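Take a look at the structure set out below.
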Amino acid sequence: MADLIVKAAVKEALSDKNVASDFYDALDAEVEELLEDAARRAEDNDRKTVQPRDL
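Start counting the sequence shown at -11; every next residue gets the next number (the working numbering).
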């Protein structure tokens, strides 16, 4: 899957912190898992539309 996060946005959000280079890959993996879980919940509820409640 493509990168799901924008490194510049993460850097900006954490502007007062240093960010390790491998943090971005870990964050991307977490976001991917979150999206997969949300899609599965929508599918389990017979929907094609992923909604906030699926998070």
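All residues carry an ideal CB built from backbone N, CA and C; glycine is no exception.
On a predicted model such as this, the values are computed, not experimentally measured, just so you know.
(message) Whole angstroms are fine: how far does the CA of residue -2 sit from the CA of residue 37?
(response) 27 Å
(request) Could you spell out where the alpha helix (DSSP H) holding residue -5 opens and where it closes? (result) -5 to 1
(message) Taking a contact to mean a Cβ-Cβ separation below 8 Å, would you say residue -8 touches residue 16 in this structure?
(response) yes
(request) Following the continuous alpha helix (DSSP H) through residue 8, name the residue where it begins and the one where it ends. (result) Neither: residue 8 is in no alpha helix (DSSP H) and is coded neither H nor E.
(request) Indicate the three-state DSSP secondary structure (helix, strand or coil) for residue 34 in the structure shown. (result) coil
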